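Engineer:
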Amino acid sequence: MKLTCPCEAVTLQISAEPIAQFWCHCADCQTVHGAAYVAESIYPATGVEIVSGETTNFALKKTPRISCAKCGTRLVVELAEIEMRAISGYLLKDAFKPSLHIHCSEAIAPVRDSLPHFANMPAAFGGDDRLMDW
Ligand SMILES: [Zn+2]
Ligand SMILES: [Zn+2]
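First residue of the sequence shown: 1, per the numbering used here; consecutive thereafter.
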């Protein structure tokens, strides 16, 4: 599947099924995106490729994030330690089907929906499976 940023300067090629799709409430995402929480879809690192277009690299703390050099849209998060790459869920439009919320202990406000709200991360991704009470 090929995806482009909103200005269409950058094209991404996604060649894997998502490992997970979720809403991330971490302080890093909040700051970088200027949002309360962020849509993310993660893949094996080899399944996400930037095919064309000029990008910029930025890390607020330690996680490198790749953006379109022209429109500034956040495109890819590098998760090198776990050999994965996340893309901004908004790029997927209808194909973004989140199944959980993560890093909810850092949430600005509770989001009440039918999905599980993990305080940090599910055990399957190295977390402790703890859930929030909302
Ligand atoms: Zn985050
Ligand atoms: Zn762009």
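Glycine included, every Cβ here is placed at the ideal spot set by N, Cα and C.
Just so it is clear, the structure is predicted and the values come from calculations on it, not from any experiment.
Report the start-end ranges of each beta strand (DSSP E) in the stretch 51-111 that is 3 residues or longer and not cut off at the edges.
Structural biologist: Those beta strand (DSSP E) runs which fall completely within the stretch 51-111 and span 3+ residues are 55-59, 64-68, 74-79, 84-88 and 100-102.
Engineer: Give me every residue whose Cβ sits closer than 5 Å to any heavy atom of ligand 1, in chain order.
Structural biologist: Spelled out in chain order, the answer is C24, C26 and C29.
Engineer: I'd like the list of long-range same chain contacts for A119, defined as Cβ closer than 7 Å, with 5 residues on each side in sequence excluded.
Structural biologist: Hits under 7 Å: C104, S105, R130, L131 and M132.
Engineer: State yes or no: is the C-beta of A35 nearer than 6 Å to some heavy atom of ligand 2?
Structural biologist: Checking the Cβ of A35 against ligand 2 gives no.
Engineer: Is it true that the CB of I102 sits closer than 7 Å to the CB of M84?
Structural biologist: Against a cut-off of 7 Å, the Cβ pair of I102 and M84 comes out as no contact.
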